[in-house]
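*Asks:* Take any residue in the sequence shown, count from 1 to its spot, add 2: that is its number in my numbering.
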Amino acid sequence: MSQIFSSNIKIGDIEIPRLGLGCMGLTQAYTPVDHDKAKAFLDRVMTDGPVMLDTAATYSGGKNERLIGSVIKPFRSQVFLASKAGMYKRSDGTREIDGNPDRIKISCDESLVRLGIDQIDLFYLHRVDPMVPVEESVGAINDLKLAGKVRAIGLSEISASTLKRAMSVTQIDAVQSEYSLWSRRVEEGISAACVELGIALIAYSPVGRGFLAGGVPNLDGLSSKDIRKQMPRFQGANFESNLETLLELEVQAMEWGYSLAQLSLNWLWSQGAHIGAIPGTSQLANWQDNKRAQNTLDAGQLHLIERILRNKPFQGERYEPEKLKQLDSEI
Ligand SMILES: NC(=O)c1ccc[n+]([C@@H]2O[C@H](COP(=O)([O-])OP(=O)(O)OC[C@H]3O[C@@H](n4cnc5c(N)ncnc54)[C@H](OP(=O)(O)O)[C@@H]3O)[C@@H](O)[C@H]2O)c1
């Protein structure tokens with residue numbers, strides 16, 4: 003028996019569609035997207051009805067938030083806008099993690115200006131700063147909530163124990179973590195903690211940065227700046243082996259009448275009613291494909307998928323070693 007599919011998820015007191023749109027790729031990370039095309043795409047997505055858009059201060063050093071800010075105004079009431087602070091891009095392109103309360107507050111104000119709105123619906127701490135107690139970083143976001151600048155509070159890539167410490171300061175409404183058929187670390191604790199505490203779990207990179215949607219058949223087409231080129235699972239023998247596993251999943255997807263992206267999302271929907279997902283895309287056809295993922299899988303289907311993954315496990319870490327070390331969820 004499959005679980006009953008609910009197309010909505012609750013974040014704090016707000017009910018929204020569990021499928022949101024990850025906006026990072028509209029300005030960075032993968033195949034470059036033309037600015038006007040990105041605007042037109044966002045316009046169309048928002049015209050379709052209520053939607054969660056996910057961005058962050060660090061994406062293209064603010065350009066991603068500015069892009070959303072340039073189109074959001076007429077649709078403000080039906081967009082659930084999520085952004086993040088605590089991780090930034092230095093001018094030389096390197097990454098900085100800073101959970102200092104003052105910096106978080108300044109970052110929020112800057113995001114509000116770039117987005118052209120007066121409240122962010124969900125504001126995440128993007129990474130826990132090992133030099134700043136999480137209670138202090140979250141305390142700053144709680145101050146922002148009390149000031150009306152933020153509606154709900156989230157944490158990204160957090161462990162269950164750190165989540166519980168943060169909950170001693172204030173209500174946490176969402177956790178965002180990488181979660182997909184090939185990134186299942188959340189199953190070791192944080193997903194269960196979210197259920198226990200009544201918190202939404204938002205799966206990022208839910209279609210494996212395109213791979214689990216069949217969107218990366220070879221590496222030749224990726225630009226030199228594409229971040230997948232640095233990720234261990236997209237390299238050499240790992241990638242070749244992963245393609246073989248994917249092929250087996252694709253055979254099942256076809257048999258069940260799903261695209262690969264739908265299989266990946268339906269599998270996520272089967273992992274619990276507390277799970278939302280924010281696949282990124284810049285293509286209307288792919289957005290619509292993802293929206294059609296509206297089923298959970300039955301026990302037999304889930305069993306078959308597990309068998310494929312057990313017989314030929316995906317190979318390679320999700321991030322390069324220095325980035326993995328920055329994740330509270332991996333410690
Ligand atoms: N909290 C964090 O630390 C963190 C880290 C990474 C990402 N995120 C968030 O999560 C969002 C999503 O993650 P992501 O973009 O890294 O990975 P993703 O959603 O797993 O994959 C995005 C890629 O999948 C392709 N794709 C999507 N739907 C498809 C479909 N139906 N068929 C074929 N290809 C499809 C897209 O290509 P096309 O554009 O060609 O469709 C895009 O290249 C980001 O935008 C960002 O908001 C958060």
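Ideal Cβ placement from N, Cα and C applies to all residues, glycine included.
Assign P2 to one of two classes, buried (16 or more other C-beta atoms within 10 Å of its C-beta) or exposed (fewer than that).
*Replies:* The structure shown has nothing for residue 2, since the chain only spans 3 to 333.
*Asks:* Do three or more CB pairs link the stretch 271-290 to the stretch 28-43 at distances below 8 Å?
*Replies:* In short, these stretches touch, since the Cβ pair count reaches three.
*Asks:* Check whether the Cβ of R68 sits closer than 7 Å to any heavy atom of ligand 1, and report yes or no.
*Replies:* For ligand 1, not one heavy atom lies less than 7 Å from the Cβ of R68.
*Asks:* Taking DSSP as the reference, what is the three-state secondary structure of E138?
*Replies:* In this structure, E138 counts as helix in the three-state DSSP scheme.
*Asks:* Which residue from F125, Q121, G141 and V73 puts its Cα closest to that of D104?
*Replies:* Of F125, Q121, G141 and V73, the residue nearest in Cα terms is G141.
*Asks:* Between which two residues does the alpha helix (DSSP H) harbouring I70 extend?
*Replies:* Segment K65 to G71, the alpha helix (DSSP H) holding I70.
*Asks:* Which word fits D56, buried or exposed, when buried means at least 16 other C-beta atoms lie within 10 angstroms of its C-beta?
*Replies:* Flag for D56 reads buried.
*Asks:* Alpha carbon to alpha carbon, what distance is there between Y321 and K39?
*Replies:* In a straight line, the C-alpha of K39 is about 29 Å away from that of Y321.
*Asks:* With a threshold of 7 Å, establish whether the CB of H37 neighbours any heavy atom of ligand 1.
*Replies:* No, the Cβ of H37 stays beyond 7 Å of every heavy atom of ligand 1.
*Asks:* What do you get for I333, buried or exposed, if any count of 16 or more other CB atoms within 10 angstroms of its CB means buried?
*Replies:* Flag for I333 reads exposed.
*Asks:* R211: beta carbon under 7 Å from a heavy atom of ligand 1?
*Replies:* Yes - ligand 1 has a heavy atom lying nearer than 7 Å to the Cβ of R211.
*Asks:* On the DSSP bridge assignment, give the partners of I174 in chain order.
*Replies:* None, per the DSSP bridge assignment.
*Asks:* What are the residues that DSSP puts in a beta bridge with R97?
*Replies:* According to DSSP, R97 bridges with K91.
*Asks:* Please classify L148: is it buried, with 16 or more other beta-carbons within 10 angstroms of its beta-carbon, or exposed?
*Replies:* Exposed.
*Asks:* Check whether the Cβ atoms of A84 and S109 sit closer than 8 Å, and answer yes or no.
*Replies:* Not a contact, by the Cβ cut-off of 8 Å.
*Asks:* Where does D300 sit, in a helix, a strand or coil, going by DSSP?
*Replies:* D300: coil per DSSP, three-state reduction.
*Asks:* Just how far apart, CA to CA, sit V53 and L124?
*Replies:* Whole-angstrom Cα-Cα distance: 13 Å.
*Asks:* Take the Cβ of R97 as the centre, count every other Cβ of all protein chains shown within 10 Å, and call the residue buried at 16 or more, exposed below.
*Replies:* So R97 counts as exposed.
*Asks:* Tell me, which residues are paired with D56 by DSSP?
*Replies:* G24 and A84, per the DSSP bridge assignment.
*Asks:* Looking at I160 and S9, is the spacing between their C-beta atoms short of 8 Å?
*Replies:* It is not a contact, given that the beta carbons lie outside the stated cut-off.
*Asks:* When DSSP labels each residue in this structure, what does L129 get in the three-state scheme?
*Replies:* Sequence inspection shows Arg at residue 129; the Leu mentioned does not correspond to that position. Correct three-state label for R129: coil.
*Asks:* For V35, which of helix, strand or coil comes out of DSSP?
*Replies:* Looking at V35 - three-state DSSP - the assignment turns out to be coil, as it is neither helix nor strand.
*Asks:* So is P208 buried or exposed if we call it buried at 16+ other beta carbons inside 10 Å?
*Replies:* Label assigned to P208: buried.
*Asks:* Just to confirm, does Q5 get its C-beta within under 7 Å of one of the non-hydrogen atoms of ligand 1?
*Replies:* No, since every heavy atom of ligand 1 falls outside the 7 Å radius drawn around the Cβ of Q5.
*Asks:* For Y321, which of helix, strand or coil comes out of DSSP?
*Replies:* DSSP places Y321 in coil when its eight states are reduced to three.
*Asks:* Taking 8 Å as the threshold (C-beta atoms), are Y126 and S158 in contact?
*Replies:* Cβ atoms of S158 and Y126: closer than 8 Å.
*Asks:* Note down, in chain order, each residue of its chain lying with its Cβ closer than 8 Å to the Cβ of Y22, except the 5 sequence neighbours on either side.
*Replies:* Per the sequence shown, the amino acid found at residue 22 is Gly instead of Tyr. So the list reads V53, M54, L55, D56, F82, A84, I204, G278, A279 and I280, once near-sequence residues are dropped.
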